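One structure is given below, encoded as structure tokens.
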Amino acid sequence: MADDKKTNEYTIEMDKLDHGNKDFEAPAPAVQPRGPPAAQLANNPILPVLAYCGSSILMTVMNKYVLSGMDFNLNFFLLCVQSIVCIVAIQTCKASKLITYRDFNSDEAKKWFPITLLLIGMIYTGSKALQYLSIPVYTIFKNLTIILIAYGEVLWFGGSVTGMTLFSFGLMVLSSIIAAWADIKHAVESSGDATAKVSTLNAGYIWMLINCFCTSSYVLGMRKRIKLTNFKDFDTMFYNNLLSIPVLLVLTFLMEDWSSANIARNFPPADRNGILFAMILSGLSSVFISYTSAWCVRVTSSTTYSMVGALNKLPIALSGLIFFDAPVTFPSVSAIVVGFISGIVYAVAKIKQSAKPKTGVLPMSNPPSVLAARA
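With the numbering used here, the residue at position 45 of the sequence shown is 45, and numbering never jumps.
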């Protein structure tokens with residue numbers, strides 16, 4: 001589910017695994033093989049990086065495929081199916097002892113339920129934005145969420161924004177402006193009803209703006225709430241998806257049209273199997289993203305992971321040009337490039353910031369005493 005979308009933009013602090021002293025050499029007869037080829041392959045840093053990127057692209061492309069159907073309007077149902085698939089998948093993995101997470105606890109569920117509501121708002125508005133916008137534009141505008149989260153951390157968690165980080169924010173805003181201009185320019189100059197196309201884009205921009213606020217609220221709220229529960233990655237995934245299922249079921253039956261005519265319009269017989277398969281695969285891809293992100297950090301480092309998250313935006317944006325009819329023009333490609341560069345600059349800025357003391361950082365920072373008083 002979209003819960004996993006935060007892992008694209010935030011690093012996980014974890015030390016590298018100690019692979020032992022390379023200077024030590026055992027006598028020849030006592031030398032043991034390092035392990036089976038499968039184990040060596042699992043510790044190869046290239047494989048988890050590719051798996052992480054592939055999972056991110058898969059989820060975005062599958063969601064776009066479902067949402068780009070003619071008059072698709074069962075967004076809550078789509079999210080509900082993804083949650084159910086995710087719960088079944090991680091429960092199966094837990095039963096197979098591939099992953100571990102805590103069992104359901106009603107007290108923890110009550111503490112976490114407000115965060116689940118924020119998540120539903122985030123993924124619903126994200127699905128609506130992706131329905132109206134192309135994947136490259138959606139990916140570029142998603143960067144704006146980083147700005148809101150960064151200054152939210154300044155206000156509530158004593159975070160800071162360096163000059164280099166601020167420069168990356170400027171590039172993010174610039175890439176969004178170029179992307180919007182390229183989209184509107186292509187809509188006006190293309191054949192057909194230009195007014196209708198521009199209206200569709202405007203609806204997408206409004207949903208994207210709401211999604212940015214919902215996403216930042218979810219991430220900041222989760223950071224504060226997670227201190228009370230001490231959840232790990234799969235604990236968060238389990239509670240988010242489990243608690244969201246009843247809410248999404250109520251919303252889809254109360255707010256969406258379940259008439260036979262509308263079902264036929266959303267799932268035309270010719271494409272029904274493909275749409276259902278894409279919905280299931282998009283739910284599985286959220287599990288893949290969570291697992292591969294943890295795998296990537298374990299095999300490489302948090303620094304490498306942060307750079308991968310920045311570089312990952314480029315193939316996701318390009319997937320929209322390859323698999324869908326996103327316009328390929330000089331302004332649209334320029335927006336992708338500027339957005340890609342902004343991601344790299346932001347990742348480098350965060351790496352440098354984490355490598356030095358958090359004192360005297362500009363342009364904005366809050367002393368811990370102020371935050372303690374607010375809490």
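All residues carry an ideal CB built from backbone N, CA and C; glycine is no exception. Remember, predicted model here, so these are calculated numbers, not experimental data.
Asked: Through-space distance from S191 to G54, alpha-carbon basis; Found: 35 angstroms
Asked: Same chain only: Cβ atoms within 7 angstroms of Y65, ignoring 5 sequence neighbours per side; Found: A278
Asked: Residue of I263, S160 and M222 minimising C-alpha distance to F113; Found: M222
Asked: Opening and closing residue of the alpha helix (DSSP H) in which A335 lies; Found: F330 to S354
Asked: Helix, strand or coil at S160 [DSSP, three-state]; Found: strand
Asked: Top-ranked residue by Cα proximity to L243, from L318, K111 and F72; Found: K111
Asked: Touching by the beta-carbon criterion (3+ pairs, under 8 angstroms), the stretch 160-169 and the stretch 339-357; Found: yes
Asked: Contact check, I245 vs I87, beta carbons under 9 angstroms; Found: yes
Asked: Contact check, V49 vs G283, beta carbons under 9 angstroms; Found: no
Asked: Reference I316; option with closest CA among P136, N73 and M237; Found: P136
Asked: Cβ-based neighbour list, L118, same chain, cut-off 8 angstroms, excluding 5 preceding and 5 following; Found: C214, S217, Y218, G221 and M222
Asked: Environment of S389 [buried if 16+ CB atoms lie within 10 Å]; Found: Outside the modelled stretch of the chain, which goes from 1 to 375, sits residue 389, for which no answer is possible.
Asked: Segment limits, alpha helix (DSSP H) that includes P315; Found: K313 to F323
Asked: Top-ranked residue by Cα proximity to R265, from N73, F324, G339 and L318; Found: N73
Asked: Inter-residue spacing [alpha-carbon to alpha-carbon] between N21 and A326; Found: Because N21 carries a pLDDT of 44, less than 50, the predicted location of this residue cannot be relied on, and the following value inherits that uncertainty. N21 and A326: Cα-Cα distance of roughly 51 angstroms.
Asked: Distance, L228 Cα to A335 Cα; Found: 40 angstroms
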